[in-house]
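There are 2 protein chains.
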Amino acid sequence: MQFSDAFRTELSSLMQWRRDVREFKTDPVDEALVDQCLDAFLTAPSVGLSEPWRILRVRSETARENALKNFNTANAQALGGYQGAQKQKYASLKLSGMRDAPVQFAVYCDDSTEQGSGLGATSMPEMRRYSVVCAVFNFWLYCRSLGLGLGWVSILDPDQLNTDLNADPNWSLIGYFCMGWPKNFDDTPALERAEWEQRRGHLIIEDR
Amino acid sequence: MQFSDAFRTELSSLMQWRRDVREFKTDPVDEALVDQCLDAFLTAPSVGLSEPWRILRVRSETARENALKNFNTANAQALGGYQGAQKQKYASLKLSGMRDAPVQFAVYCDDSTEQGSGLGATSMPEMRRYSVVCAVFNFWLYCRSLGLGLGWVSILDPDQLNTDLNADPNWSLIGYFCMGWPKNFDDTPALERAEWEQRRGHLIIEDR
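Chain order of the listed sequences is C and U. Sequential numbering from 781 applies to the first sequence in the working numbering. Sequential numbering from 781 applies to the second sequence in the working numbering.
Right, dumping it as structure tokens:
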């Protein structure tokens with residue numbers, strides 16, 4: 781199986797235009813499209829073939845309100861850690877699309893799974909979580925290829941979220957995800973547009 | 781920026797044919813191609829735009845020998861945790877391409893970076909590491925689009941590797957990577973072909 785220069789050019793565009801989306805339309809997403817995107821989890825690499833990803837679809841009004849409250853509390857705490865102009869800037873940022881995004885998930889890693897019999901996860905058990913992150917990223921790229929946006933929310937108290945969602949105690953939260961049709965497409969990170977930070981555009985590589 | 785059905789079909793193929801490669805040819809990889817692949821790190825998402833990825837290129841004979849020794853020790857320890865037929869099966873698996881892969885990297889996360897001013901990483905500091913995993917996965921897909929293989933080695937003692945590579949003490953090891961021209965292409969995981977484990981082919985999704 782080989783890939784052409786033309787495909788690679790489009791792939792690079794996809795990578796460039798895959799953004800963390802925080803501004804969603806409230807329009808629903810066809811469930812068939814959601815399923816199609818979720819299938820991308822299944823082609824992700826996983827340590828020992830453990831497939832440790834577990835997904836909670838957050839649908840109920842109560843669960844969504846709790847998650848939003850959780851974000852608001854964590855975000856207010858984070859704001860308290862900044863001062864002066866940086867604090868004002870932080871306060872002006874929109875850091876989650878949880879109010880509008882029609883589809884929301886909490887994604888977990890099952891650290892207790894026996895699938896894979898522990899292969900590859902003995903000296904680095906965090907590999908299971910990293911497998912789930914790879915799967916999320918596969919999913920993210922596929923969403924964007926369909927014009928759907930994904931937003932990763934990490935400004936949350938994981939323990940509170942897990943309690944509110946009644947998550948299995950063996951599961952670790954990887955992230956909370958908002959999915960939907962973005963209000964705008966962009967090839968520049970929102971935090972760069974908002975002048976919070978800029979990409980440095982080079983890699984630090986040292987020889988050994 | 782929109783993407784076509786034809787592109788998505790090829791993207792799905794890329795995801796399907798992106799494998800964890802452990803059988804490499806020893807042929808060198810043009811450094812321009814290596815650089816082109818590494819550029820994919822720079823389009824990855826990173827929490828707060830912190831770009832916490834740090835890369836050690838493992839070039840010297842000594843560094844490679846130490847890394848291989850580290851793998852062999854960790855692999856022998858892991859083998860000791862299995863019994864009977866499973867132990868025999870484990871012993872028969874080829875779990876790294878470190879002896880042959882012409883290009884090798886240790887990839888780290890700089891947990892101490894000030895870039896991004898901590899945004900998004902207060903309540904979930906592990907987000908920096910997850911950002912590096914996303915970058916690795918972007919890189920992995922791009923490598924495969926060029927016909928290059930990547931293998932992620934996690935059967936290692938991270939502390940020993942970091943000492944041997946004289947890594948910055950603020951950096952956390954994400955993984956050790958082998959890169960090169962694969963001996964074979966496949967759309968099925970090596971561990972499934974070896975009958976170690978099989979993919980379950982469905983997602984566990986629960987509503988909340």
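For every residue, glycine included, the Cβ atom is placed at its ideal position computed from N, Cα and C.
Original post:
For the ligand NAD, any of its heavy atoms closer than 6 angstroms to the Cβ of C/K874?
Top reply: With respect to small molecules bound, the structure shown includes none, and the ligand NAD cannot be examined in it.
Of all Cβ atoms in chain C, is any one closer than 7 angstroms to the Cβ of U/Q796? For the purposes of this step, residue 796 of chain U is taken as the residue at position 16 of the second sequence. U/Q796 counts as touching chain C.
List, in order along the chain, the chain C residues whose C-beta lies closer than 9 angstroms to that of U/M907? The count along the second sequence starts at 1 and reaches residue 907 of chain U at position 127. Simply W932, S934 and G955.
Problem - First and last residue of the uninterrupted beta strand (DSSP E) at U/F851 - result: Here the question's residue 851 of chain U lines up with position 71 in the second sequence. That residue, U/F851, is in no beta strand (DSSP E); its alpha helix (DSSP H) goes E841 to L859.
- Pick from U/L926, U/S934 and U/Y862 that is closest to U/M878, judged by C-alpha positions: Taking the first residue of the second sequence as 1, we reach residue 878 of chain U at position 98. The option with the nearest alpha carbon to U/M878 is U/S934.
Going by the DSSP bridge assignment, what does C/C889 pair with across the sheet? Along the first sequence, read from residue 1 onward, the residue named residue 889 of chain C stands at position 109. Partner(s): C/W833 and C/S952.
With 16 other Cβ atoms within 10 Å as the buried cut-off, status of U/G931: In the second sequence, the residue the question calls residue 931 of chain U occupies position 151. U/G931 is buried by the Cβ-count criterion.
request  = Flag C/M878 as yes if its beta-carbon sits less than 7 angstroms from any beta-carbon of chain U, otherwise no.
outcome  = Locating residue 878 of chain C in the first sequence gives position 98, counting from the first residue. No, C/M878 lies away from the interface with chain U (no Cβ there is under 7 angstroms from its Cβ).
Taking the beta strand (DSSP E) that U/V933 falls in, what are its first and last residues?
The residue labelled residue 933 of chain U in the question sits at position 153 within the second sequence. From DSSP, the beta strand (DSSP E) with U/V933 extends over G929 to V933.
| task | Could you please tell me which residues of the stretch 887-907 of chain C, in chain order, have their CB closer than 8 angstroms to any CB of chain U? | result | When CB distances to chain U are screened at a threshold of 8 angstroms, the residues of the stretch 887-907 of chain C falling below it are Q895, G896, S897, G898, L899, G900, A901, T902, S903, M904, E906 and M907, in chain order.
Return the CA-CA distance between C/T893 and C/P832, expressed in angstroms with no decimal places.
As a position in the first sequence, residue 893 of chain C is number 113, starting the count at 1. As a position in the first sequence, residue 832 of chain C is number 52, starting the count at 1. In this model, C/T893 and C/P832 are separated by some 7 angstroms (Cα to Cα).
- request: Using only alpha-carbon positions, find the residue among C/P808, C/L926 and C/V827 that is nearest to U/S784.
  value: The sequence position of residue 784 of chain U within the second sequence is 4, counting from 1. Checking every option, the nearest Cα to that of U/S784 belongs to C/L926.
May I ask which residues mark the beginning and end of the alpha helix (DSSP H) holding U/D880? The count along the second sequence starts at 1 and reaches residue 880 of chain U at position 100. In the DSSP assignment, U/D880 falls outside any alpha helix (DSSP H) and carries neither an H nor an E.
Item checked: Other residues of its chain near U/V883: CB distance less than 7 angstroms, five sequence neighbours each side excluded -> Numbered from its first residue, the second sequence carries residue 883 of chain U at position 103. Correct list, in chain order: V809, V814, M959 and G960.
Neighbour list for C/E790 in chain U, Cβ cutoff strictly below 7 angstroms:
As a working mapping, residue 790 of chain C is identified with position 10 in the first sequence. The contacting residues are F783 and F787.
Query - Candidates C/F957, C/A947, C/L822 and C/Q940: closest to C/V801 by CA position - result: Position 21 of the first sequence holds residue 801 of chain C. When C-alpha distances from C/V801 are compared across C/F957, C/A947, C/L822 and C/Q940, the shortest belongs to C/F957.
Q) Can you give the Cα-Cα distance for C/Q782 and C/F919, rounded to whole angstroms? A) Translated into the one-based positions of the first sequence, residue 782 of chain C becomes position 2. Translated into the one-based positions of the first sequence, residue 919 of chain C becomes position 139. Cα atoms of C/Q782 and C/F919: separation of roughly 22 angstroms, rounded to the nearest angstrom.
Taking 7 angstroms as the threshold (C-beta atoms), are U/A854 and U/D937 in contact? Taking the second sequence and counting its residues from 1, the one referred to as residue 937 of chain U is at position 157. Taking the second sequence and counting its residues from 1, the one referred to as residue 854 of chain U is at position 74. In contact: U/D937 and U/A854 (Cβ atoms closer than 7 angstroms).
Jot down the residue ranges of each uninterrupted alpha helix (DSSP H) in the stretch 784-810 of chain U, minimum 4 residues, whole runs only, in chain order.
Contiguous alpha helix (DSSP H) elements confined to the stretch 784-810 of chain U occur at 785-797, taking only those with 4 or more residues.
I need the boundaries of the alpha helix (DSSP H) containing U/E972, first residue and last residue.
To locate residue 972 of chain U, count along the second sequence from 1; it is residue 192. DSSP places U/E972 inside the alpha helix (DSSP H), whose first and last residues are A970 to R973.
- Helix, strand or coil: which one does DSSP assign to U/F965? Against the second sequence, residue 965 of chain U aligns to sequence position 185. Coil, per DSSP.
Check: Helix, strand or coil for C/D939 per DSSP?
Finding: Reading the first sequence from its first residue, position 159 is the one you call residue 939 of chain C. Residue state, collapsed to three classes: helix.
| If you drop the 5 nearest sequence neighbours on each side, which residues of the same chain put their C-beta closer than 6 angstroms to that of C/C923? | For this step, residue 923 of chain C is matched to residue 143 along the first sequence. Around C/C923: C817 and L930.
- Can you give me the Cβ contacts of C/I954 inside the same chain, cut-off strictly under 7 angstroms, excluding the 5 residues immediately before and after it? If you number the first sequence from 1, residue 954 of chain C lands on position 174. So the list reads V887, Y888, C889, R909, V912, V913 and V916, once near-sequence residues are dropped.
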